[in-house]
Amino acid sequence: MVQRKMNKRRFTSRLASALAVLLMLLTLAAGCGPGDELTDLGGEAPAASEAVPTMPAARFDQPTPVTDLEEASEADRQADEEEAAEEPDIAMGEFVYGNRCAECHGEGAAGTDQASTLVGLTLSENEFEDLIRTGGELGPDHLFGSTKISPDGLKAVYAYLISLE
């Protein structure tokens, strides 16, 4: 009985292999046929057909004209001057002050037991920026680099503090 099962397995395995080989041969034979165009009964080949493109032809649009660099730089300069002439954003300064300064200097810059009042600030904007960026005589507690407060944020805080007078 064991012998029959083994013979049956061998037969099934050989049959599966033979069918796989036969399937591959049929697939190869199908690819080697005469093609799409058959010759007519007279034995003449049909006339060569015109090639049909498989992709659309490339289209190139008109390039964008080059702008006058002098005009562009003049417009940029004017925009920069207008932006610089604008008043600093006091609301933004109050927000930045609340996030960076109010913990020690108190709400409204009134001062706390940790730090003095900033109401009536007498420093110029450059002196204020120097104090914040370098720490000045106050040391590293007041050191706020450009990653902690942006130049615009610093100007806004200064404008906010000046507005408290």
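Following the working numbering, the numbering of the sequence shown begins with -15 at its first residue and continues without gaps.
Backbone N, C-alpha and C fix where the C-beta goes; we use that ideal spot for every residue, glycine too.
Small disclaimer: the values here were computed from a predicted structure and weren't measured.
Enclosing alpha helix (DSSP H) for residue i [first to last residue]
| i | result |
| --- | --- |
| M76 | I74 to R84 |
| F112 | E109 to T118 |
| A143 | P135 to S147 |
Cα-Cα separation, residue i to residue j
| i | j | result |
| --- | --- | --- |
| E149 | P47 | 58 Å |
| G77 | K132 | 14 Å |
| I116 | S108 | 12 Å |
| L127 | R43 | 59 Å |
| T38 | L7 | 32 Å |
| D64 | N110 | 20 Å |
| G104 | Y81 | 15 Å |
| C197 | D45 | The question about residue 197 has no answer, for the chain in this structure spans -15 to 149. |
| M(-10) | S(-3) | 11 Å |
| A140 | N83 | 13 Å |
| A0 | E34 | 46 Å |
| P135 | R61 | 19 Å |
| K(-8) | G15 | 35 Å |
| G129 | L145 | 19 Å |
| L10 | R(-12) | 33 Å |
| A2 | A13 | 16 Å |
| T230 | F79 | Residue 230 cannot be examined here, being either before or after the span of the chain that is shown, -15 to 149. |
| R(-6) | A4 | 15 Å |
Cβ-based neighbour list, residue i, same chain, cut-off 7 Å, excluding 5 preceding and 5 following
| i | result |
| --- | --- |
| Q98 | C88 |
| E113 | L138 |
Contacts around residue i, its chain only, beta-carbon distance under 8 Å, and the 5 residues preceding and following it disregarded
| i | result |
| --- | --- |
| T101 | H89, G90, A93, A94 and G95 |
| T118 | L127 |
Close-in-space but distant-in-sequence residues of the same chain around residue i (CB under 6 Å, 5 per side omitted)
| i | result |
| --- | --- |
| L147 | In the sequence under discussion, the amino acid at residue 147 is Ser, which differs from the Leu named in the question. Cβ neighbours of S147 beyond the five flanking positions: I74. |
| Y142 | E109 and F112 |
| P72 | K139, A140 and A143 |
Any non-hydrogen atom of the ligand COA closer than 7 Å to residue i Cβ
| i | result |
| --- | --- |
| M76 | This structure lacks the ligand COA; in fact it carries no ligand of any kind. |
Cβ pair count under 8 Å reaching 3, the segment 121 to 128 against the segment 54 to 65 | no
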